[in-house]
Each structure stands twice: as structure tokens, then as C-alpha cells.
Amino acid sequence: MSVFLTTVPVDEAVRVARGISPPPREEVVPLESAFRRVLSRDVFADIDIPGFTRSVVDGYAVRSADTTGAGEAIPVMLRLAGRALMGAGEKPPKMQPGSCVYVPTGGEIPEGADAVAMIEYCEVIGEEVLVKRPLATGENIIYQGEDFRAGEKVLGAGKRLLPGDMGILAATGHDTVPVAAVPKIGIISTGNELVPVAEVPTGSRVRDVNTYLCRAFLEQLGAFPVQFGIVRDDPAAFEETLDKALATCDAVLISGGSSKDERDLTAGMIRSRGEVFVHGISLAPGKPTIIGLANGKPVIGLPGHPASTFVVLMVIARPMVLAMTGNDSERPVTVRGILSENIPSAKGREEYVRVRVNGNQIDPLFGKSGLLNTLVKSDGVVKIPAGSEGIETGTEVEVILW
Ligand code: AMP
Ligand code: MG
Numbered sequence: 103m104s105v106f107l108t109t110v111p112v113d114e115a116v117r118v119a120r121g122i123s124p125p126p127r128e129e130v131v132p133l134e135s136a137f138r139r140v141l142s143r144d145v146f147a148d149i150d151i152p153g154f155t156r157s158v159v160d161g162y163a164v165r166s167a168d169t170t171g172a173g174e175a176i177p178v179m180l181r182l183a184g185r186a187l188m189g190a191g192e193k194p195p196k197m198q199p200g201s202c203v204y205v206p207t208g209g210e211i212p213e214g215a216d217a218v219a220m221i222e223y224c225e226v227i228g229e230e231v232l233v234k235r236p237l238a239t240g241e242n243i244i245y246q247g248e249d250f251r252a253g254e255k256v257l258g259a260g261k262r263l264l265p266g267d268m269g270i271l272a273a274t275g276h277d278t279v280p281v282a283a284v285p286k287i288g289i290i291s292t293g294n295e296l297v298p299v300a301e302v303p304t305g306s307r308v309r310d311v312n313t314y315l316c317r318a319f320l321e322q323l324g325a326f327p328v329q330f331g332i333v334r335d336d337p338a339a340f341e342e343t344l345d346k347a348l349a350t351c352d353a354v355l356i357s358g359g360s361s362k363d364e365r366d367l368t369a370g371m372i373r374s375r376g377e378v379f380v381h382g383i384s385l386a387p388g389k390p391t392i393i394g395l396a397n398g399k400p401v402i403g404l405p406g407h408p409a410s411t412f413v414v415l416m417v418i419a420r421p422m423v424l425a426m427t428g429n430d431s432e433r434p435v436t437v438r439g440i441l442s443e444n445i446p447s448a449k450g451r452e453e454y455v456r457v458r459v460n461g462n463q464i465d466p467l468f469g470k471s472g473l474l475n476t477l478v479k480s481d482g483v484v485k486i487p488a489g490s491e492g493i494e495t496g497t498e499v500e501v502i503l504w
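If you count by our numbering, then the sequence shown holds residues 103 to 504, one letter each, in order.
Take a look at the structure:
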């Protein structure tokens, strides 16, 4: 029996794809170049943040006990003992009972004070300050180490760095950052009918769409795409390009030629350089998908229909690429809504139906897998589990957004 007839469930295919993904190498980059990279180690605070107890407002540092009972009509009067200077090397003046010290936002709280009265609630009369509100201990103050303690883990390995993370890395003294090396992933488009984008296809030829789908997909996930162009369905040409891709990349995506027809070369090419683990997945669209190892490198054979290619990239290649980039923090972006039409589905295969999100309403877009227009019109897909015969109108569904 052919391997193709024995399709494997999506979960198993994902497990196989992940299992053959080599873990990333590590490199150290300057902080300036670390944005969107994936941390390869946990990162710790080298100092307390903040390093001193500071005010979160412009105001007067006080002893909260001195402000008990203060109000608009009966303010308490405190002696202005001085001002805290921003960034000063020395401590601000120590505070005696019945006094206060002016502290700007971010300024250091003097010893003896435990709250800051906002200037909006104070009135200065010569050397005296009238405070018109009672303050609680700790009010308008951030204590030393309240944000992060020296030695505390601030970011975990596997996180793709966001703008806020860059700020934390700076605050914790990381002028260089340990990150996962970006995997190089080759893209080969196969098919006698394919022409480059710049050409106008004649007869039954079509432009090569998948190279660019794959490329964008890889860039979005933080991998480095390497294009190997269009290869004819000719074993010699295919072998030459595949060997070049395997020699220079960490993994290869091959579009087209993934079915069981004798003109479909992908499976044989992988087998002669290693092993095919999966040939056929209970996935729609995307059944004729191959997962294998060639010369020790993971190879995914993608079905040629662009909409199928896209689903296989999302469902099967994504976990593999994320594993190779060391990224364990990426979650698909989803929204929920109410289905506006029945989606029928054949039991026994996991199905992905493209949908448009219309406020709270989710409209399915039914289209043949060869059509590109539903890809553009859609906002994402709804997954129909393998064990389900479809989803009925009015059901709440989750949309995985593109
Ligand atoms: P295949 O998987 O090679 O049998 O191709 C299935 C269908 O997808 C055929 O109609 C191909 O013309 C089309 N196809 C294959 N590769 C591409 C590509 N790179 N860009 C656009 N369409 C493609
Ligand atoms: Mg083909």
C-alpha cells in the first residue's frame, strides 16, 4: 500500500515536524540589533530597579503621619527643608518631623519621608508648604527594587523581543544580548508551468506565487528565507537545486510535486537523501504534504495550490520554523465571533475554512483550494476538528487571524 493513502492526523504531523527541527545555535548581538530576535537564555536584573526609592509625581515628600486630618479647609503646614535634585550623586536632605522636601517626578525620596503630596494639593507660602490632603504610607512612591530585584529573572529564554523588552534589557544593563541564530530556510518552487513574476504567463503557464508566500511567511516568523527560484519537473535540475539548498540552508521548503503521481518528484528526492516520515496528512486543504529529512536537514513538501500551501505553512511549517528559531512565546492571534452560515466538513480530517470577520459576525468564504481571491478577502481561518462534521450557524467560533 502506498504511504500516501495512510494519511496521518495533523497532531502527529506537527509532532514529526517539530521532532526533526534542529535547535538554534546561539549568538550574541548588540542591544541595538536585538529587537525581534529570540532570547536564547533567561535574562536577570543586575541591579535593583529602581535603584533608589523615588517619587512618581512632582510634589513634596512628607511623613504621612504629619498629614493626618489635613483637608482643603484645614491644611497642615510643613516647613520646606530643601529640594531633591534629579540625578544627584548625593542623598537629598534628611527630613525632620513637621518638614517636607520638594521632589520632582522620578526624584529620590529623602530619608524620613514615606509619601509624596502632589503639588496640585499644596500651596507654598514663603518657606512653608500647606498640604490640603491626608496621605497614606507609600502614597506616590516606588520603593527601591519594587520593579525588579537584583538577580531576579526579567525575561525568559524563547521570547521574541518586543519594544517593551528592549527597555527592560537596557534597564538591566544588557548592552549585548544572547539570541538564537536566525535559521536559513531554502525555498524551491517546482513545476514546468511556472514562470517568474516579471513574465506574463502564456498558454497554461502560471506565475510563481508560492515562493513569495513562503518568503513572507518565513520573514514573519523571524527566519531567513533563501530563494532558489523555479525548478522544472526534471530530476537532474531538481537534484542540483535541492543539493545546493541542503548544503547552504538549515531546512528546505519545496512547493509543488508533493502528490503521488509519478511526475511528482519531491518524495523520491527526499527519500534518496534520507527519509520520508509523512506523505499525506488528514488536513484540508493540504493533504498532499511531505515531511522528511534529506542530508540530515528537515524538508517539507508543500502542495502547489497557493491556498493549500498557505494552510500547510500555518499548520505544519509554523511549529517547525518556530522551533528552529528558538521561539516558544509566539501564539496565533485569534478573535471570537458568531458563525453566519453552516460550514459542512467531512469527518476524519482537520479542515481550515477561510472566513471574513465582520464585527461579531464570522462569514465563511467557500472557495476551491486553487483560488487566490478567498485568501485576500479573508481575515483568517476557522479550524474544524477532524472528529467534527461541521459547525452550525450561530455557533461561537474562534478565528485564527492571518
Ligand atoms: P502540484 O502540487 O505541483 O501538483 O501543483 C498543484 C497546482 O498548484 C497546479 O495547478 C500548479 O500549477 C499550482 N502551483 C504549483 N506551484 C505553484 C506556484 N509556485 N505558484 C502558483 N501555483 C502553483
Ligand atoms: Mg507541479
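Note that CB positions come from ideal geometry on N, CA and C, so glycine has one too.
Beta bridge counterpart(s) of glutamine 329 as assigned by DSSP: Note: glutamine 329 sits in a beta bridge opposite Ile289.
C-alpha gap between leucine 134 and leucine 474, whole angstroms: Residue identity differs from the one stated: residue 134 is glutamate in this sequence, not leucine. Distance between the alpha carbons of glutamate 134 and leucine 474: 39 Å.
C-beta contact flag for valine 110 and serine 384 at 8 Å: Against a cut-off of 8 Å, the Cβ pair of serine 384 and valine 110 comes out as a contact.
Check: threonine 292 C-beta below 7 Å from any heavy atom of the ligand MG: In this structure, threonine 292 has its beta carbon less than 7 Å from a heavy atom of the ligand MG.
Short Cβ contact (8 Å threshold) for valine 435 with leucine 503: Against a cut-off of 8 Å, the Cβ pair of leucine 503 and valine 435 comes out as a contact.
Candidates Gly184, Val205, Pro265, Ile122: closest to valine 158 by CA position: Put simply, of Gly184, Val205, Pro265, Ile122 the residue whose alpha carbon is nearest the alpha carbon of valine 158 is Val205.
Cβ contact (3+ pairs, closer than 8 Å) linking the stretch 393–402 and the stretch 112–122: Yes: the two stretches touch, three or more of their Cβ pairs being nearer than 8 Å.
Start-end ranges of the beta strand (DSSP E) lying completely within the stretch 247–306, minimum 3 residues: As far as the stretch 247–306 is concerned, its whole beta strand (DSSP E) runs of at least 3 residues are 255–257, 278–282, 286–292.
Alpha-carbon spacing of lysine 286 relative to valine 455, whole angstroms: Near 30 Å, if we compare the C-alpha coordinates of valine 455 and lysine 286.
The ligand AMP heavy atom lying under 7 Å from the CB of glycine 359: At least one heavy atom of the ligand AMP is nearer than 7 Å to the Cβ of glycine 359, so yes.
Under 8 Å between C-beta atoms of isoleucine 372 and isoleucine 290: No, Cβ-Cβ distance for isoleucine 372 and isoleucine 290 is not below 8 Å.
Valine 164, enclosing beta strand (DSSP E) - first and last residue: 161–164 is the extent of the beta strand (DSSP E) around valine 164.
Helix, strand or coil at threonine 391 [DSSP, three-state]: Residue state, collapsed to three classes: coil.
CB of arginine 181 within 8 Å of CB of glycine 161, strictly: Not closer than 8 Å, so no.
Integer Cβ distance of valine 499 from glycine 439, believed to fall under 8 Å: Their Cβ separation, rounded to whole angstroms, is 7 Å, which keeps valine 499 and glycine 439 in contact under 8 Å.
Contact under 8 Å by Cβ, phenylalanine 154 with glutamate 210: Yes. Within cutoff.
8 Å Cβ shell around threonine 274 - same chain, five flanking residues per side excluded: Closer than 8 Å at the Cβ level, and outside the excluded window around threonine 274, lie Val145, Phe146, Ala147, Asp148, Ile149, Ile151, Phe250, Val256.
Distance between threonine 497 and glutamate 491 (C-alpha atoms, nearest Å): Between glutamate 491 and threonine 497, the C-alpha separation is close to 14 Å.
Complete runs of the alpha helix (DSSP H) confined to the stretch 389–466 [at least 4 residues]: The stretch 389–466 contains these whole alpha helix (DSSP H) runs: 408–414, 420–427.
Local conformation of arginine 334 per DSSP, three classes: Note: arginine 334 maps to coil in three-state DSSP.
DSSP three-state assignment for alanine 369, whether helix, strand or coil: In the structure shown, alanine 369 sits in a helix (DSSP, three-state: H, G or I).
Candidates Met197, Asp481, Pro400: closest to glycine 461 by CA position: Nearest C-alpha to glycine 461: Asp481.
Extent of the continuous beta strand (DSSP E) run through tyrosine 204: Annotation: the continuous beta strand (DSSP E) that includes tyrosine 204 extends over 201–205.
Backbone secondary structure at valine 158 - three-state DSSP: In the structure shown, valine 158 sits in coil (DSSP, three-state: anything other than H, G, I, E or B).
Buried or exposed (CB count within 10 angstroms, at least 16 for buried), glycine 428: With 16 or more other Cβ atoms within 10 Å, it is buried.
Cut-off 8 Å between Cβ atoms - residues of its own chain near proline 487, not counting five sequence neighbours on either side: So the qualifying residues of the chain are Glu452.
Supposed close pair arginine 365, aspartate 335 - CB separation, criterion 8 Å: In this structure arginine 365 is in contact with aspartate 335, their Cβ atoms being roughly 6 Å apart against a cut-off of 8 Å.
Check whether leucine 263 and phenylalanine 137 have beta carbons under 8 Å apart: Cβ atoms of leucine 263 and phenylalanine 137: closer than 8 Å.
Alanine 353, enclosing beta strand (DSSP E) - first and last residue: Counting along the chain, the beta strand (DSSP E) containing alanine 353 begins and ends at 353–357.
Leucine 415 CB to nearest heavy atom of the ligand AMP below 7 Å: Using a cutoff of 7 Å, the CB of leucine 415 does not count as near the ligand AMP, since none of the ligand's heavy atoms is closer than that.
Check: aspartate 335 C-beta below 7 Å from any heavy atom of the ligand MG: Under cutoff, so the answer is yes.
Neighbourhood of valine 116 by C-beta distance below 7 Å, restricted to the same chain and skipping five residues each side: Only Ile418, Pro421 meet the Cβ criterion.
Closer than 7 Å: glutamate 134 CB and nearest the ligand AMP heavy atom: No, Cβ of glutamate 134 sits at least 7 Å from all heavy atoms of the ligand AMP.
Heavy atom of the ligand MG within 7 Å of glycine 305 beta-carbon: No, the ligand MG has no heavy atom inside 7 Å of this Cβ.
Distance, alanine 425 Cα to serine 306 Cα: Cα to Cα, serine 306 sits roughly 39 Å from alanine 425.
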